[in-house]
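Asker: Attaching a single structure in structure tokens format; questions to follow.
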Amino acid sequence: MSRRLEGRVAVITGAASGIGAATAKTFIEQGARVVLGDIQEDAGASIAATLGGARHAIFRHCNVTAEAEVEALVEAAVSEFGQIDVMFNCAGIVGAVGPMSTMPADEWKLTIDIMVHGVFYGMKHASRHMKVAGKGSIISMSSTAGVMGGLGPHAYTAAKHAVVGMTKNLAAEVGRFGVRVNCIAPSGMATPMVADVMTGDHQKLDETIAALADASPLKGRAGLAQDVANAAMWLASEESGYTSGMTLTVDAGYTTGSRVEPPAFAEYQPMIREAGRSGID
Ligand SMILES: NC(=O)c1ccc[n+]([C@@H]2O[C@H](COP(=O)([O-])OP(=O)(O)OC[C@H]3O[C@@H](n4cnc5c(N)ncnc54)[C@H](O)[C@@H]3O)[C@@H](O)[C@H]2O)c1
-4 MSRRLEGRVA
6 VITGAASGIG
16 AATAKTFIEQ
26 GARVVLGDIQ
36 EDAGASIAAT
46 LGGARHAIFR
56 HCNVTAEAEV
66 EALVEAAVSE
76 FGQIDVMFNC
86 AGIVGAVGPM
96 STMPADEWKL
106 TIDIMVHGVF
116 YGMKHASRHM
126 KVAGKGSIIS
136 MSSTAGVMGG
146 LGPHAYTAAK
156 HAVVGMTKNL
166 AAEVGRFGVR
176 VNCIAPSGMA
186 TPMVADVMTG
196 DHQKLDETIA
206 ALADASPLKG
216 RAGLAQDVAN
226 AAMWLASEES
236 GYTSGMTLTV
246 DAGYTTGSRV
256 EPPAFAEYQP
266 MIREAGRSGI
276 D
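Numbering of the sequence shown is given in this note's numbering, commencing with residue -4 and proceeding in unit increments.
If you want it as structure tokens, here you go:
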């Protein structure tokens, strides 16, 4: 089978770690050239170097809270590689935590700034080029906390719900230009972000994988950064060419009802009829 992203050019924010880094590697393996953006300069530059250097991957400092830096990242794709076919808005943080009643407003605002305004800047500048080109795929990171309440901190949940709405609305605007817009909603995946929350050490990925596997609705299977990278690859490729406005959950079925413990209907029981009666007779 030919490589799925042959000849494509992608921009990825938050590409120095976790899901963004795994996606950059996957996109390049599938034939794309990638512009990686992040605030972690050493890690980002080193990942770009390991992905084949300037012919395949370039790193640029990009703080997604600064519109000019996101615009420059998109322009780097056009100036260095000639085009932008895929925009992956992946940068994110856990952000403000704790009760809303005590949440400092500046922590709330920074969380929203990174994961709502940062996604807006990426959507804005990528769609500007893609509308002219008449094609393109914009992918953004939501979360299971973006489709259900009670799964994440308040500001994170607000931001990830916003990404779902922005995805649907931009898809409605740019479909007529041949541009597709989707987002991905993973549950807890084994990345430095989640390792930090679960173990207090962002490098403890093995311990995180073991804990996630124990709590997974899919027997013994933890979610990995690669699972999200594979979803992003599909959304970036023509294989998803008739899919737009969608929120693709990558959560082992959690948001559709799957749990570790068996559901009430897991064992046969006589059917339940009018109150007080059961069975066929
Ligand atoms: N890991 C999960 O379980 C999970 C689940 C659902 C959604 N997500 C989302 O996936 C995305 C990636 O998360 P991850 O788990 O790979 O985390 P991660 O911490 O491994 O990577 C996040 C990256 O974003 C970068 N970043 C943070 N603030 C930035 C800013 N202002 N400008 C540019 N880059 C910035 C970080 O430097 C880091 O490299 C996030 O948007 C996150 O909310 C993750």
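All residues carry an ideal CB built from backbone N, CA and C; glycine is no exception.
Got a sec: does ligand 1 put a non-hydrogen atom nearer than 7 Å to the Cβ of C85?
Answerer: The count along the sequence shown starts at 1 and reaches residue 85 at position 90. Yes; taking the cut-off as 7 Å, the Cβ of C85 has a heavy atom of ligand 1 nearer than that.
Asker: Using C-beta distances below 6 Å, list every residue in its chain close to A166, excluding the 5 sequence neighbours before and after it, in chain order.
Answerer: Residue numbering aside, residue 166 sits at position 171 when the sequence shown is read from its first letter. Cβ neighbours of A166 beyond the five flanking positions: V176, S239, G240.
Asker: Just grab the DSSP bridge partners of N164 for me.
Answerer: Taking the first residue of the sequence shown as 1, we reach residue 164 at position 169. BP columns for N164 are empty, so no partner.
Asker: With a threshold of 7 Å, establish whether the CB of G248 neighbours any heavy atom of ligand 1.
Answerer: Your numbering for residue 248 matches position 253 in the sequence shown. False, no ligand heavy atom lies under 7 Å from that Cβ.
Asker: How many angstroms separate the CA atom of T152 from the CA atom of K163?
Answerer: Counting from 1 along the sequence shown, the entry for residue 152 is found at position 157. Counting from 1 along the sequence shown, the entry for residue 163 is found at position 168. Going from the Cα of T152 to the Cα of K163 covers about 17 Å.
Asker: Examine the Cβ distances between the stretch 105 to 123 and the stretch 71 to 89 and report whether three or more of them are shorter than 8 Å.
Answerer: Yes, the stretch 105 to 123 touches the stretch 71 to 89.
Asker: P258 bridges to which residues according to DSSP?
Answerer: Taking the first residue of the sequence shown as 1, we reach residue 258 at position 263. P258 pairs with nothing; no bridge assigned.
Asker: How about T60: is its Cβ closer than 7 Å to a heavy atom in ligand 1?
Answerer: Taking the first residue of the sequence shown as 1, we reach residue 60 at position 65. Checking the Cβ of T60 against ligand 1 gives yes.
Asker: If you count every other CB in all the chains shown that lies within 10 Å of the CB of P257, and 16 or more means buried, which is it?
Answerer: In the sequence shown, the residue the question calls residue 257 occupies position 262. Under this definition P257 is an exposed residue.
Asker: What residue range is occupied by the uninterrupted beta strand (DSSP E) comprising I134?
Answerer: Stepping through the sequence shown from its first residue, residue 134 is reached at position 139. Note, I134: beta strand (DSSP E), 131 to 136.
Asker: Am I right that V59 and I109 are in contact with their C-beta atoms under 8 Å? What's the rounded C-beta distance?
Answerer: Position 64 of the sequence shown holds residue 59. Position 114 of the sequence shown holds residue 109. Indeed they touch by this definition, with Cβ atoms about 6 Å apart.
Asker: Do A63 and R55 have their C-beta atoms within less than 8 Å of each other?
Answerer: Taking the first residue of the sequence shown as position 1, residue 63 is located at position 68. Taking the first residue of the sequence shown as position 1, residue 55 is located at position 60. Against a cut-off of 8 Å, the Cβ pair of R55 and A63 comes out as no contact.
Asker: Label G360 either buried or exposed according to how many other C-beta atoms from any shown protein chain fall within 10 Å of its C-beta, with 16 as the threshold for buried.
Answerer: Here the chain has residues from -4 to 276 only, and residue 360 is not among them.
Asker: Can you find a heavy atom of ligand 1 that lies under 7 Å from the Cβ of I109?
Answerer: As a working note, residue 109 is residue 114 in the sequence shown. It does: the Cβ of I109 is within 7 Å (strictly closer) of some heavy atom of ligand 1.
Asker: Which class does R175 belong to by DSSP, given the choice of helix, strand or coil?
Answerer: For this step, residue 175 is matched to residue 180 along the sequence shown. Strand, per DSSP.
Asker: Under three-state DSSP, which class holds P187?
Answerer: On the sequence shown, position 192 is the one that residue 187 refers to. It is helical.
Asker: Checking the sheet assignment: what are the DSSP bridge partners for H56?
Answerer: Taking the first residue of the sequence shown as 1, we reach residue 56 at position 61. H56 pairs with D33.
Asker: Is any heavy atom in ligand 1 found nearer than 7 Å to the beta carbon of P148?
Answerer: Translated into the one-based positions of the sequence shown, residue 148 becomes position 153. Because no heavy atom of ligand 1 lies under 7 Å away, the Cβ of P148 does not count as near it: no.
Asker: For T21, is the beta carbon positioned less than 7 Å from some heavy atom of ligand 1?
Answerer: Locating residue 21 in the sequence shown gives position 26, where the first residue counts as 1. T21: no, Cβ never under 7 Å from ligand 1.
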